[in-house]
Amino acid sequence: MTPPCRVFPATQLEAEVQVDANGKRRKGERVDLSACELFSMVQYECQIDRPEIADSPVRCWPVQRWFRRCQDRKGSFMVETTVWEGSQAKKDGGGGTS
Numbered sequence: 003m004t005p006p007c008r009v010f011p012a013t014q015l016e017a018e019v020q021v022d023a024n025g026k027r028r029k030g031e032r033v034d035l036s037a038c039e040l041f042s043m044v045q046y047e048c049q050i051d052r053p054e055i056a057d058s059p060v061r062c063w064p065v066q067r068w069f070r071r072c073q074d075r076k077g078s079f080m081v082e083t084t085v086w087e088g089s090q091a092k093k094d095g096g097g098g099t100s
């Protein structure tokens with residue numbers, strides 16, 4: 003079983019990446035989230051139209067997710083930034099990610 007994840011608003015993500023999964027401050031320079039390498043992944047959310055019928059159509063929609071690979075003294079780590087990317091785009095005058 004995976005350990006429980008802390009829940010916090012996307013506005014706190016830049017502060018949260020300054021500590022590791024154990025709550026200890028990361029070694030080295032402050033992590034600049036916007037300078038970390040950006041990755042994307044498409045997943046699909048699917049629903050069965052009428053689950054009680056064996057041949058019911060399955061409909062799926064793409065869901066774009068964004069991640070940043072950052073570096074500290076111990077190595078690299080990945081952070082999901084999907085909501086954060088959208089809020090950063092709005093700050094910069096864009097319409098968000100699509």
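In this note's numbering, the protein residues as written are 3 to 100.
Every residue gets a Cβ at the ideal spot worked out from N, C-alpha and C, and that includes glycine.
None of these values were measured; they are calculated from a predicted model.
query	result
Give a yes or no on contact between the stretch 63–82 and the stretch 43–51, applying the rule of three or more CB pairs nearer than 8 Å.	yes
For Thr-83, count the other beta carbons within 10 Å of its own beta carbon; 16 or more makes it buried, fewer makes it exposed. Which is it?	buried
Report the three-state DSSP secondary structure of Ser-89 (helix, strand or coil).	helix
Which residues does DSSP list as the beta-bridge partners of Arg-8?	Answer is none; Arg-8 lacks a bridge partner.
At what residues does the beta strand (DSSP E) containing Leu-15 begin and finish?	That residue, Leu-15, is in no beta strand (DSSP E); its alpha helix (DSSP H) goes 15–18.
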